Amino acid sequence: MDSYFLSLYLRRDASSSGFELFFRRKSSGYKACDLLSLSPMKNIRNFCIIAHIDHGKSTLADRLLEITQTVSGKDLQDQVLDNMDLERERGITIKSHAIQMNYSYKGEQFVLNLIDTPGHVDFSYEVSRSIAACEGALLIVDAAQGIQAQTISNLYMALEHDLEIIPIVNKCDLPSAMPDEVEDQIIDLLGCDRADIIRASGKTGLGVDEILSAIVERIPAPVGDPNGPLQCLIFDSVFNSFRGIIAYFKVVNGSISKGDRVKFMATECEYDADEVGVLKLGMSPRNTVNCGDVGYIISGIKTSKEVKVGDTITHINRPAPEAIAGFEEVKPMVFAGVYPIETEDFENLRASLEKLQLNDASLTFQPESSAALGFGFRCGFLGLLHMEIIQERLDREFGMNVITTVPNVSYKVYDKKGSCTEVHNPSGLPDPTLIDHIEEPYIRASVITNTAFIGPIMTLCLGKRGILIKQEYIHGDRVELIYDLPLGEIVIDFYDKLKSISKGYASFDYHISDFRPSKLVKLDILLNGETVDALSTLTHFDNAQSFGRRMCEKLKELIPRQQFDIAIQAAIGAKIIARETVKAVRKDVTAKCYGGDISRKRKLLEKQKEGKKRMKQIGSVEVPQKAFLAVLKLD
């Protein structure tokens, strides 16, 4: 092993100083296997962990890091890869995290590149990016909960990329664990042998050695041409205020060295590779990152538009003939307006969103304006949790206090001439007289639950205009319901209601299927006759009246009382369908009249009424931030 590393080192730098440096560092405890950039390609394994939310993947990743001695001492803590405060507070993985481990197996040194991925449906794009950079995947299933919807979704994604799957039954130490039943479910799903399934526990360390052996033996080494033109796939990027934008990549062909002149093929921008290296717990610089390895590049990039996730890096002097194909593009599901509370913060908000987009490529945004809220951005998210996380990160990481409008989805509007317009915002809807029909997005949803909850779940789905496609028993008392549902119906409160009626046992996953014609109307909310465009929504005609009434009732609770009456109305076009009134705060002007003629009291009340009328003409109604999110909690 030593001679292999030595000969490679001498080929790169035949000077005597390089030779002496190698021996001096080696004598001070520098192992040959630590020169990772020179490890042979057959000894590299790139793999990710895929699982449903809360199936213990981050804890199992901790044990892998501990046994390979990648993390030790004060760095060793629970969920070591979940380095964001939000991830620790909520107990979920939001970002995929790459880290490199050294593992000695049967006298050989192996380099294991692990990418820990999120489990929530809202972060499935993170999973797709990780899968594109791997050759294998650990499929983790909770021994107490069994296979759930997101497990199946992520598994299909991995199988589409021809990844080698290693099935693992985790949390086998729990008293409620059912490893035999869960193994039966995995065999039904994968068609594998029972001997292929590893029983493990992230908490106790059971089966972790077996997992590491399986990674080396069963996951194939990366395939690529070490001597070919450079091709690196960018799968993530982060912003560093001191060093600029740092891109994370996997070397598919060739090798990249410090000081190389490189080009990003999608943007056609050219840079010097100021620093390249591999991802340990922090960044670990190397002279060269070779074919098959996962690493990072720092080249002083300052503008976020110059780095695109899925782009290909190549050399200037020997460019690759084409970019790497097959990387999945992001498809936002939910759209909402994000506005700064102070108008002068608009440019700061733009800069913050650009930096956040580097770290989260599934966020999309474009400028827009609102009569009620001024200038802001129309942002695309993958789901409601994703939207909530972005809002929280803007506040914590960039100090941006923002107002978020009611979330909605994108619709296709066809006019009477047959041309189609995509509408993300109800205010962008053309005049109703020009519209021929509107198509809304439908999803194919998979709900996996216990047979005891089939009735309430079916009632919920039918109430959301769902169409039952298939009902299939997976194993024992577990059943999978396949529904076609309008995306606009599930985007607000469907997931919360599903968890509530199934006592937390149902799991939910979906993907966009198609657009279908639907009878949709624009519901406007008026305050004292003025339309508040930020509260407008597109809704189905059958639900419009009840939705408008509930909206008015909720706003009546949330809008503070003024010195004049506030009329809250819900309208479809010119037709008012619901109304509530926030009564004025008024002084008791008749308190000083002790008895006497009624005309005296009436005169005082008439005088007060005139004053209130004048106030109403010049007064404006402040709508609090929680009123914009009232629609989320109408029930």
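Residue numbers (the UniProt record's numbering): 1 to 635. Glycine included, every Cβ here is placed at the ideal spot set by N, Cα and C. Since the model is a prediction, treat every value here as computed from it, not as a measurement.
### Query
Are the CB atoms of residue 442 and residue 487 nearer to each other than 9 Å?
In this structure, residue 487 lies closer than 9 Å to residue 442 by Cβ.
### Query
What are the boundary residues of the beta strand (DSSP E) that includes residue 46?
Start and end: 44 to 51.
### Task
Below 7 Å CB to CB, which residues in the same chain sit around residue 231 once its five sequence neighbours on both sides are set aside?
Correct list, in chain order: 252, 253, 254, 312, 314, 320 and 324.
### Query
According to DSSP, what are the bridge partners of residue 296?
In the DSSP secondary-structure assignment, residue 296 is bridged to 248 and 277.
### Query
How would you call residue 637, buried or exposed, if buried means at least 16 neighbouring beta carbons within 10 angstroms?
This structure leaves residue 637 out entirely; the chain is present only between 1 and 635.
### Query
Between residue 37 and residue 378, what straight-line distance do the alpha-carbon atoms span, to the nearest angstrom?
At residue 37, the pLDDT of 39 sits below 50, so the modelled position is not reliable; the number obtained from the coordinates is stated separately. If you draw a straight line from the Cα of residue 37 to the Cα of residue 378, it is about 43 Å long.
### Query
Would you report the Cα separation of residue 402 and residue 337, rounded to the nearest angstrom?
Between residue 402 and residue 337, the C-alpha separation is close to 10 Å.
### Query
Distance, Cα to Cα, residue 556 vs residue 568?
Looking at the two C-alpha atoms, the distance is approximately 7 Å.
### Message
Between residue 506 and residue 449, how many whole angstroms is the CB-CB distance? I'm expecting something under 8 Å.
### Response
Right, the Cβ-Cβ distance comes to about 4 Å (below 8 Å), so this counts as a contact.
### Query
If you pair each beta-carbon of the segment 256 to 271 with each one of the segment 280 to 288, do three or more pairs fall below 8 Å?
Judged by Cβ distances under 8 Å, the segment 256 to 271 makes contact with the segment 280 to 288, as three or more pairs qualify.
#### Entry: Rounded C-alpha distance that separates residue 566 from residue 532
If you draw a straight line from the Cα of residue 566 to the Cα of residue 532, it comes to about 13 Å.
### Query
Does the beta-carbon of residue 362 have 16 or more other beta-carbons within 10 angstroms, so that it is buried, or is it exposed?
With 16 or more Cβ atoms within 10 Å of its Cβ, residue 362 is classed as buried.
### Query
How many angstroms separate the CA atom of residue 34 from the CA atom of residue 102?
Annotation note: pLDDT 38 at residue 34 (below 50); position unreliable, coordinate value reported separately. Distance between the alpha carbons of residue 34 and residue 102: 8 Å.
### Message
Just to confirm the assignment, what range does the beta strand (DSSP E) spanning residue 420 have?
### Response
For residue 420, the enclosing beta strand (DSSP E) stretches over residues 420 to 423.
### Task
Please specify which runs of the alpha helix (DSSP H), each continuous and at least 4 residues long, are wholly inside the segment 162 to 192, giving them in chain order.
With a minimum length of 4 residues, the continuous alpha helix (DSSP H) runs that stay inside the segment 162 to 192 are 179 to 190.
### Query
On the three-pair Cβ rule with 8 Å, is the segment 204 to 218 touching the segment 150 to 170?
The answer is yes - the segment 150 to 170 touches the segment 204 to 218, with three or more Cβ pairs under 8 Å.
### Query
Nearest CA to the CA of residue 236: which residue from 276, 152 and 295?
A check of alpha carbon separations from residue 236 across 276, 152 and 295 identifies 295 as the nearest.
#### Entry: Rounded Cβ spacing between residue 143 and residue 169 (contact assumed at less than 8 Å)
Right, the Cβ-Cβ distance comes to about 5 Å (below 8 Å), so this counts as a contact.
### Task
State the beta-bridge partners of residue 101 as determined by DSSP.
Note: residue 101 sits in a beta bridge opposite 112.
### Message
Let's test the definition: count the other Cβ atoms within 10 Å of the Cβ of residue 60 and tell me whether it reaches 16, buried, or not, exposed.
### Response
The residue in question, residue 60, is buried, as its Cβ has 16 or more Cβ neighbours within 10 Å.
### Message
Am I right that residue 318 and residue 356 are in contact with their C-beta atoms under 8 Å? What's the rounded C-beta distance?
### Response
The C-beta distance from residue 318 to residue 356 rounds to 35 Å, too long to fall under 8 Å, and the pair is not in contact.
### Query
Using a Cβ-Cβ cut-off of 7 Å (strictly less than) and excluding sequence neighbours within five positions of residue 240, which residues of its own chain qualify?
Around residue 240: 246.
### Query
Which residues in the same chain as residue 297 place their Cβ atom closer than 6 Å to its Cβ, once the five residues preceding and following it in sequence are excluded?
Here the set comprises 247, 273 and 276.
#### Entry: Stretch pair the segment 414 to 429 + the segment 540 to 547: three plus CB contacts closer than 8 Å
With a cut-off of 8 Å, the segment 540 to 547 and the segment 414 to 429 do not count as touching, because too few Cβ pairs lie within range.
### Query
On the three-state DSSP scale, how would you describe residue 133?
Three-state result, residue 133: coil.
### Message
Could you tell me the alpha carbon to alpha carbon distance between residue 493 and residue 439, rounded to whole angstroms?
### Response
Residue 493 and residue 439 have their C-alpha atoms roughly 22 Å apart.
### Query
What is the residue span of the alpha helix (DSSP H) that residue 386 lies within?
Looking at the DSSP string, the run of the alpha helix (DSSP H) that includes residue 386 is 384 to 398.
### Task
Between the Cα of residue 397 and those of 535, 354 and 437, spot the shortest distance and give me the residue it belongs to.
Check the Cα spacing between residue 397 and each of 535, 354 and 437: the tightest is with 354.
### Message
Can you give me the C-alpha to C-alpha distance between residue 47 and residue 151, rounded to a whole angstrom?
### Response
Distance between the alpha carbons of residue 47 and residue 151 is about 16 Å.
#### Entry: Segment limits, alpha helix (DSSP H) that includes residue 488
Where residue 488 is concerned, the enclosing alpha helix (DSSP H) starts and stops at 487 to 490.
### Query
For residue 527, which of 519, 520, 364 and 536 has the nearest alpha-carbon?
Checked all of 519, 520, 364 and 536; the closest Cα to residue 527 is 536.
### Message
So, at 7 Å on beta carbons, what are the nonlocal neighbours of residue 148 in its own chain, with the 5 sequence-adjacent residues on each side left out?
### Response
Spatial neighbours of residue 148 in its own chain (CB-CB distance under 7 Å, excluding positions within 5 residues in sequence) are listed in chain order as 52, 448 and 507.
#### Entry: With 16 other Cβ atoms within 10 Å as the buried cut-off, status of residue 332
Classification of residue 332: buried, given that the 10 Å Cβ count is 16 or more.
### Query
When the Cα of residue 477 is compared with those of 43, 348 and 453, which residue comes out closest?
Out of 43, 348 and 453, 453 has the C-alpha closest to the C-alpha of residue 477.
#### Entry: Euclidean distance between Cα positions of residue 540 and residue 485
Distance between residue 540 and residue 485, taken at the CA atoms: about 13 Å.
### Task
Measure the CB-CB distance between residue 559 and residue 524 and report whether it falls below 9 Å.
In this structure, residue 524 does not lie closer than 9 Å to residue 559 by Cβ.
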